[in-house]
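Note that the numbering used here has the sequence shown beginning at 8, numbered continuously upward.
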Amino acid sequence: MAATIIDGKALAAKCKARIKDEVEHLSKRPGLAVIIVGDNPASRIYVNHKKKDCAECGIYSEEYALPECARQEELLELIGLLNGREDIDGILVQLPLPAQFDEKAVLNAIDPGKDVDCFHPYNVGQLMIGEHTFLPCTPAGVMAMLDEYHIDPAGKHAVVVGRSNIVGKPQAMLLLQRHATVTICHSRTPDLGAITRQADILVAAVGKTGLITADMVKEGAAVIDVAMNRNAEGKLCGDVDFEAVKEKASFITPVPGGVGPMTRVMLLENTLTAARVHGK
Ligand code: GUN
Numbered sequence: 008m009a010a011t012i013i014d015g016k017a018l019a020a021k022c023k024a025r026i027k028d029e030v031e032h033l034s035k036r037p038g039l040a041v042i043i044v045g046d047n048p049a050s051r052i053y054v055n056h057k058k059k060d061c062a063e064c065g066i067y068s069e070e071y072a073l074p075e076c077a078r079q080e081e082l083l084e085l086i087g088l089l090n091g092r093e094d095i096d097g098i099l100v101q102l103p104l105p106a107q108f109d110e111k112a113v114l115n116a117i118d119p120g121k122d123v124d125c126f127h128p129y130n131v132g133q134l135m136i137g138e139h140t141f142l143p144c145t146p147a148g149v150m151a152m153l154d155e156y157h158i159d160p161a162g163k164h165a166v167v168v169g170r171s172n173i174v175g176k177p178q179a180m181l182l183l184q185r186h187a188t189v190t191i192c193h194s195r196t197p198d199l200g201a202i203t204r205q206a207d208i209l210v211a212a213v214g215k216t217g218l219i220t221a222d223m224v225k226e227g228a229a230v231i232d233v234a235m236n237r238n239a240e241g242k243l244c245g246d247v248d249f250e251a252v253k254e255k256a257s258f259i260t261p262v263p264g265g266v267g268p269m270t271r272v273m274l275l276e277n278t279l280t281a282a283r284v285h286g287k
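So, in structure tokens, the structure goes:
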């Protein structure tokens, strides 16, 4: 039987309506500062999306666009100013940064209470011990999708393919916290298919078109595709062979229209959380 298609776009719209309503009930408007350095075209699109999403939910946003040649000290000074501003609840530095920047030092400079990406080591540590304030946006979006479709990770075997700090590692942690048995696979995992075939919940987060083929998926699995790749024809696609895998899985996310919209929503959710923590 063909899988249920998990509609990330529809769920994101529903979440945004709820966030808008919650924002309206705060005593003050939440504020998000987005910093972009240089002219990476993908980053420009992402930042524009973030500003549009904020506007739609009543969140104040401001953008700081620094030139490609900006210096680390300039960026650190800006972050310091934003850390001290009461009207700004969240600070996001769009990645990647140009080569002259020390990315780690930049992310560490953001006040952990304003770290709406959940990249600061303090927040990563809080996540590890199950005492988070913020959740990393993509893994949190995936968990919200599983919940919406009543896919309970408890007691299931969840396999996460990819071990990035932004997606793979925190995704595994969130699934573990929801009582899944979790396996993390990566580029040096031999016979990947032998592991992915055991997955009740399979999360693909590598960034390699065609990585997950139908023979690597267990009948009835829930398949979540986090990747955003371009295929040979320039079309957006994920890591999963969607057409073939949807005939075998019980649930599957499309690309586009799956995880992507939910990642965007979770930034708004984190900004709302930050505003609440700041007493708004
Ligand atoms: N670049 C690509 N994805 C992200 C993200 O989630 N946050 C930031 N800050 N930069 C990104």
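The beta carbon of each residue, even a glycine, is placed where N, CA and C say it ideally should be.
* Asked: What whole-angstrom Cβ distance do GLN101 and ILE43 have, given they're in contact under 8 Å?
  -> As a position in the sequence shown, residue 101 is number 94, starting the count at 1. As a position in the sequence shown, residue 43 is number 36, starting the count at 1. GLN101 to ILE43, Cβ: 5 Å. Contact.
* In this structure, what does DSSP give as the bridge partners for GLY38? -> One-based indexing of the sequence shown puts residue 38 at position 31. DSSP, once it has assigned bridges, lists TYR67 as partnering GLY38.
* Around the Cβ of SER68, are there at least 16 other Cβ atoms within 10 angstroms (buried) or fewer (exposed)? -> As a first step, residue 68 must be located in the sequence shown, where it is residue number 61. By the neighbour-count rule (16 or more Cβ atoms within 10 Å), SER68 is buried.
* With a floor of 3 residues, list each beta strand (DSSP E) that falls wholly inside the region 72 to 144, ordered by position along the chain. => 97 to 100
* Asked: Using the rule of at least 16 other Cβ atoms within 10 Å of the residue's Cβ for burial, across every protein chain shown, is ARG271 buried or exposed?
  -> Numbered from 1 along the sequence shown, position 264 holds the residue referred to as residue 271. With 16 or more other Cβ atoms within 10 Å, it is buried.
* Would you grab the beta carbon distance between ALA165 and MET273 for me? Rounded to a whole angstrom, and I think it's under 8 Å. => Taking the sequence shown and counting its residues from 1, one reaches residue 165 at position 158. Taking the sequence shown and counting its residues from 1, one reaches residue 273 at position 266. At roughly 19 Å, the Cβ-Cβ gap does not stay under 8 Å, so ALA165 and MET273 are not in contact.
* **Nearest-angstrom Cβ-Cβ length linking LEU142 and PRO160, presumed shorter than 8 Å** => What you label residue 142 is simply residue 135 of the sequence shown in a count that begins at 1. What you label residue 160 is simply residue 153 of the sequence shown in a count that begins at 1. Rounded, the Cβ-Cβ distance is 15 Å, inconsistent with contact.
* To do: Determine contact between the region 23 to 38 and the region 278 to 287, defined as no fewer than three beta-carbon pairs at a distance below 8 Å.
  => yes
* To do: Could you name each continuous beta strand (DSSP E) segment of 3 residues or more that falls completely within the region 201 to 250, going from the start of the chain to the end?
  => 208 to 211 and 229 to 232
* To do: Would you mind sorting MET180 into buried or exposed? The rule is 16 or more other CB atoms within 10 Å of its CB.
  => For the purposes of this step, residue 180 is identified with residue 173 of the sequence shown, where counting begins at 1. The residue is buried, with at least 16 neighbouring Cβ atoms inside 10 Å.
* Asked: How big is the Cα-Cα spacing for HIS193 and ARG170?
  -> To locate residue 193, count along the sequence shown from 1; it is residue 186. To locate residue 170, count along the sequence shown from 1; it is residue 163. Their Cα atoms are separated by approximately 6 Å.
* From which residue to which residue does the alpha helix (DSSP H) around ALA281 run? -> Within the sequence shown, numbered from 1, the residue matching residue 281 stands at position 274. That run of the alpha helix (DSSP H) goes 266 to 284.
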